[in-house]
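Reading through the structure tokens given below for one structure.
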Amino acid sequence: MASFSPLFLSFFVSMLLCLEARTLPISSLVSKDLFDSMFLHKDDNACPARNFYTYDIFLKATRCFPQFGNTGSLTVRKREIAAFLAQISHETTGGWATAPDGPFAWGLCFKEEVSPQSDYCDSTNKEWPCHPGKSYKGRGPMQLSWNYNYGAAGKALGFDGLKNPEIVANNSLIAFKTAIWFWMTEQKPKPSCHNVMVGKYRPTEADIAANRTAGYGLVTNIINGGLECGIANHGGVNDRIGYFQRYATLFNVDTGPNLDCENQKSF
Numbered sequence: 014m015a016s017f018s019p020l021f022l023s024f025f026v027s028m029l030l031c032l033e034a035r036t037l038p039i040s041s042l043v044s045k046d047l048f049d050s051m052f053l054h055k056d057d058n059a060c061p062a063r064n065f066y067t068y069d070i071f072l073k074a075t076r077c078f079p080q081f082g083n084t085g086s087l088t089v090r091k092r093e094i095a096a097f098l099a100q101i102s103h104e105t106t107g108g109w110a111t112a113p114d115g116p117f118a119w120g121l122c123f124k125e126e127v128s129p130q131s132d133y134c135d136s137t138n139k140e141w142p143c144h145p146g147k148s149y150k151g152r153g154p155m156q157l158s159w160n161y162n163y164g165a166a167g168k169a170l171g172f173d174g175l176k177n178p179e180i181v182a183n184n185s186l187i188a189f190k191t192a193i194w195f196w197m198t199e200q201k202p203k204p205s206c207h208n209v210m211v212g213k214y215r216p217t218e219a220d221i222a223a224n225r226t227a228g229y230g231l232v233t234n235i236i237n238g239g240l241e242c243g244i245a246n247h248g249g250v251n252d253r254i255g256y257f258q259r260y261a262t263l264f265n266v267d268t269g270p271n272l273d274c275e276n277q278k279s280f
């Protein structure tokens with residue numbers, strides 16, 4: 014009897030998930046024209062990720078996550094997609110205060126972290142041990158970082174995140190999948206970004222004590238709260254909000270309450 018490696022089985026399962034039918038395709042909410050109007054400069058020569066983040070690849074990646082942008086009312090669906098695209102825009106921004114078309118027209122400009130300060134190896138994590146010589150720096154739309162995220166994402170999506178983390182910056186489809194995987198996946202004690210944006214977040218006693226109220230600010234807390242939340246007027250938080258406000262306007266939806274995490278404790 015033939016035997017299959019765990020990595021092959023993981024890849025096979027991930028492919029089956031991608032074949033799962035969606036109620037409505039993301040393209041019904043995000044046209045190519047809308048996508049291009051959001052990311053006006055992602056394919057400029059000045060952007061290292063030029064031609065990496067394509068509309069077609071984004072749509073293909075979403076098919077692996079049938080609940081993404083497909084939960085709740087039309088307004089909730091649009092708001093979730095706008096929030097996701099805003100967060101990955103900040104993570105990959107090439108914008109600046111006086112940039113052409115404004116600072117929030119430069120999302121998806123980078124595909125990997127420039128000049129990382131470490132290799133992002135948490136040696137205390139025994140479930141996802143670092144591979145010698147590998148860097149788990151930020152890569153892809155969500156700037157996936159740390160060995161435990163690479164390992165878990167790889168297991169879920171069918172690639173070896175520990176031995177081959179570079180694939181997240183070399184394969185557009187895997188790059189987008191890791192971003193949506195991070196968005197959709199609960200990592201206790203953190204809820205998933207998806208559940209927060211679609212109204213399924215139920216705060217624990219610890220969340221209530223930490224003032225972690227539902228809204229876009231909580232999503233920022235999930236993604237980078239240790240560095241950005243609980244700080245007054247943080248520049249990174251403001252940049253994330255600026256992208257979200259611009260995209261919500263393009264989607265013709267409101268942003269909802271609690272945009273910042275200034276008064277929240279991080280997880």
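Under our numbering, the first residue of the sequence shown carries the number 14, and numbering increases by one thereafter. Glycine residues also receive a C-beta, built at the ideal position from the N, C-alpha and C atoms.
Of the listed residues the options, nearest to residue i (C-alpha basis)
i	options	result
Asn-160	Ala-169, Lys-150, Pro-154	Lys-150
Ala-62	Ser-136, Glu-125, Asn-177, Ser-279	Glu-125
Ser-279	Ala-261, Gly-82, Asn-234	Asn-234
Asn-224	Ser-41, Ser-205, Gln-277	Gln-277
Lys-147	Phe-172, Tyr-133, Asn-138, Pro-216	Tyr-133
Ile-187	Cys-206, Asp-252, Ile-94, Phe-65	Phe-65
Asn-138	Gly-164, Val-127, Ser-44, Gly-120	Gly-164
Asp-69	Ile-39, Tyr-214, Pro-129	Ile-39
Pro-270	Ile-236, Leu-170, Ala-227, Ala-166	Ala-227
Thr-75	Tyr-214, Arg-215, Gly-243, Leu-170	Leu-170
Ser-44	Trp-194, Thr-67, Arg-215, Asp-56	Thr-67
Ile-193	Glu-140, Asn-184, Phe-71, Glu-179	Phe-71
His-144	Asn-177, Asp-114, Asn-183, Ser-128	Asn-177
Phe-81	Gly-239, Trp-196, Phe-172	Trp-196
Glu-140	Ala-166, Lys-213, Val-127	Ala-166
Phe-123	Pro-216, Asn-58, Phe-172, Gln-130	Asn-58
Leu-87	Val-127, Gly-249, Leu-42, Asp-56	Leu-42
CB of residue i within 9 angstroms of CB of residue j, strictly
i	j	result
Ala-110	His-54	no
Pro-352	Phe-189	The requested residue 352 is not part of the displayed model; the chain covers only 14 to 280.
Ala-245	Glu-218	no
Pro-142	Leu-175	yes
Glu-9	Ile-221	Since the first residue of the chain shown is 14 and the last is 280, residue 9 is not available in this structure.
Gly-107	Cys-60	yes
Asn-265	Lys-91	yes
Cβ shell of residue i (< 7 angstroms), same chain only, five flanking positions each side left out
i	result
Asp-267	Ala-261
Asp-135	Trp-159, Asn-160, Tyr-161
Leu-263	Leu-47, Ser-50, Met-51
Val-211	Thr-84, Gly-85, Val-89, Glu-93
Thr-198	Ser-205
Lys-73	Leu-186
Val-344	Any property of residue 344 remains undetermined from this structure, which presents the chain solely from 14 to 280.
Pro-216	Arg-225
Residues that DSSP places opposite residue i in a beta bridge
i	result
Leu-157	Arg-152
Gln-200	Lys-203
Glu-241	None, per the DSSP bridge assignment.
Glu-125	Arg-152
Close beta carbons around residue i, own chain, < 6 angstroms, minus the five adjacent residues each side
i	result
Leu-231	Val-209, Arg-225
Ser-102	Gly-120, Tyr-256
Leu-272	Tyr-229, Gly-230, Ile-254
His-247	Glu-241
Lys-203	Ile-235, Phe-280
Asp-114	Leu-53
Ala-249	The sequence as given places Gly at residue 249; Ala does not occur at that position. Glu-241.
Ser-131	none
Contacting residues, own chain, Cβ-Cβ under 8 angstroms from residue i (five flanking each side not counted)
i	result
Leu-37	Asn-83
Lys-201	none
Gly-239	Ser-279, Phe-280
Gly-243	Cys-274, Glu-275, Asn-276, Gln-277, Lys-278, Ser-279
- Within the chosen definition, does the region 255 to 263 reach the region 85 to 98 through at least 3 CB pairs nearer than 8 angstroms? Yes, since at least three Cβ pairs between the region 255 to 263 and the region 85 to 98 fall closer than 8 angstroms, the two stretches touch.
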